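One structure below.
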């Protein structure tokens, strides 16, 4: 194709992208779906308030930066979906996310064009992405998804460019594309951990490229070594450095205490301005008579907590509840006493191997365990609060076991990792991390595990109040950036593993996604926005994936049997391109089947991009092959008729389903909730 025609088609694609993506971007003027989370996090960056999230920081940092640069002051609450944006500069953040989401279409065009050397394939692929109303909906709001998808598509484009023969190896242009690929990979995984899937895909592409270079007998082995070093620097070392830089900025900016402090260790919290541990001082040693708070040492664990409420009937002994709670509270405070005496006069330091009692300050009941089943983890023993005014029984006695030290070593605040082993039952005080029902305010279970090696049985003393010992500054416990970096990841991984469906929450399963079974409401008010893919495109994608697999297998068998001596360059490029894209689809879809965490419909959209590109290439392949079955006189007519039908179907389906993305009135939630009800209610929608 002539260069002028190529630029004309690319320009048309870009123009249609701008028209479709930015149409009604300011509507509705209220909080939609997860804007309540990510808008709020953007505000926290502007206010420099620390928070906890299960995703890496880059996406939220960019949202906060875009808001700051466009006049948003970080004061809007983002309390719940439906809250009206009043006197709030929200549009800048939406435009930023929409702009990144809009890059998907031209990048898909460039990627497919580079893979197949076919402008027709590129046009079909980009049109399928352009006219999918689900992608329009997902990329018009203050969300992480448009940012993630942009960096993901940038990674694929960069990887394809570097492996292409169109760019001279080791030229400045080649190095720029290689560095661009590494940057996109780093940014992708810095937004969400699912960015790892595209890292794997680019990794496989790189390995295949290196293997081909090694197998080229016309080239010296040193070429392979040079490529290996270049890829290692730009695709491994540079992304790691960039990823670490994002976390460094994240931890530097968020230097004020917020509601996520409790998920992190005591030493981590001491670096946050406004936290009770910041610039605090307390005794270094823990003595009998000290009032302490005990934080589970497993990163993200909560504080040992109790309150006046009892376990309900049928849940072990009907005694006082013991839980862990991730927020600071007066009900987290305990008095540490000798096991056989109430005398707390003088200064006696708690040592490794000592027997102690822990009395809850607010309720005056002792930490207690017995041979009753724990509420959730039935192989563990129940832990309760027992006794009156500090007087209980022998089941209140615990042995202090400080990890990694000899008997007689003094217990210190913050740094000592402690296990509390029950004296009679020989079990270790632990938290399973499992959420208790509403009768325990959905706090986390505490139990006593007969397996003394339980990794969740480690605790540390955070607050240590005892006026008979000299205080030392908390700065002595300050962690390094590397320690905070590692801890941040441990907290995120634990948070991700703990994302389970809440009672009554509507979720979805991976089998439902490709068939477009159920969408998600973004706005449920009179101005309704519904996340649902264009059924014509989504169902076609499934059909064309199957068609591609049949074509690929058929051609492979024919070539193996000698019916086909060799493929034309055009056919080979298209089949190889579809093979790589099919691998990308598998990598971005299949792993979700094994995930135990809560899943939603929007998790499928990265895979959708790959399936749409496969469809575009396969359509072009068929348009070349099918007319060959007819006589020369009618082949052109077949080609142009099929082309017209395909394009008109894509455009008309967009016209039918566009109200889902841009706002509608008419159908009820039940009518919209499944595409299986038929299409008759579309006629009542209004733009």
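Numbering (mature numbering (1 follows the signal peptide of the UniProt record, and there is no 0)), first residue to last: -21 to -1, 1 to 666. Glycine included, C-beta positions come from ideal geometry on N, C-alpha and C. Note that this is a predicted model, so its numbers are computed, not measured.
Out of 275, 443, 418, the CA that lies nearest to the CA of residue 407 is found in 275. Residue 37 is a Cβ neighbour of residue 225, given a cutoff of 8 Å. A Cβ-Cβ distance of about 30 Å is found for the pair residue 473 and residue 365, leaving them out of contact under the 8 Å criterion. Using a Cβ distance threshold of 8 Å, residue 198 and residue 192 count as a contacting pair. Per the C-alpha coordinates, the member of 512, 506, 287, 517 positioned closest to residue 6 is 506.
Looking at the DSSP output, residue 399 shares a beta bridge with 379.
Residue burial annotation: residue 87 is buried, with at least 16 other C-beta atoms found within 10 angstroms of its C-beta. By the beta-carbon neighbour count (other beta carbons within 10 angstroms, threshold 16), residue -1 is buried.
The C-alpha of residue 457 lies about 7 Å from the C-alpha of residue 250. Annotation: residue 147 is outside any alpha helix (DSSP H) and is labelled neither H nor E by DSSP. At a cut-off of 4 residues, not a single continuous stretch assigned as alpha helix (DSSP H) sits fully inside the segment 248 to 293. Here DSSP, grouped into helix, strand and coil, assigns residue 346 to strand. Beta-bridge pairing by DSSP links residue -8 to no other residue.
DSSP, read as helix, strand or coil, puts residue 406 in coil. When the Cα atoms are used, residue 465 and residue 541 turn out to be separated by approximately 56 Å. Here DSSP, grouped into helix, strand and coil, assigns residue 540 to helix.
Contact between the segment 524 to 534 and the segment 551 to 559 is present: 3 or more CB-CB pairs across the two stretches fall below 8 Å.
Relative to residue 100, the option among 344, 438, 596, 601 whose CA is nearest is 596.
If you look at residue 456, you'll find it isn't in any beta strand (DSSP E); DSSP assigns it neither H nor E. When rounded, the separation of the alpha-carbon atoms in residue 332 and residue 386 is 6 Å. Under the three-state reduction of DSSP, residue 173 is assigned to helix.
Of the candidates 181, 355, 367, 624, the residue whose Cα lies closest to the Cα of residue 161 is 181.
The three-state reading of DSSP puts residue 574 in coil, since its state is none of H, G, I, E or B. In this structure, the beta-carbon distance from residue 113 to residue 584 falls below 8 Å. Exclusion of the five residues before and after residue 74 leaves 4 as the residues of its chain whose Cβ lies within less than 7 Å of its Cβ. Going by DSSP, residue 590 is part of the alpha helix (DSSP H) stretching over 584 to 604.
In this structure, the CA atom of residue -20 is about 10 Å from the CA atom of residue -14. DSSP, reduced to helix, strand and coil, places residue 551 within a helical segment of the structure shown. If you check the CB distance, residue 129 and residue 79 come in under 8 Å.
The residues 138, 139, 142, 559, in chain order, have a CB closer than 8 Å to that of residue 184 in the same chain once the five nearest residues on each side in sequence are set aside. Boundaries for residue 105: no beta strand (DSSP E) harbours it, while the alpha helix (DSSP H) harbouring it runs 98 to 109, taken from the DSSP string. In summary, residue 56 is exposed, with fewer than 16 beta-carbon neighbours lying within 10 Å of its beta-carbon over all protein chains present.
Around the beta-carbon of residue 619, fewer than 16 other beta-carbon atoms lie within 10 Å, marking it exposed.
Every alpha helix (DSSP H) stretch that sits fully inside the segment 194 to 245 and reaches 4 residues is listed by chain position as 200 to 211, 217 to 232.
Secondary structure at residue 300: strand, using DSSP grouped into helix, strand and coil. The C-beta distance from residue 552 to residue 94 rounds to 7 Å, short enough to meet the 8 Å contact threshold.
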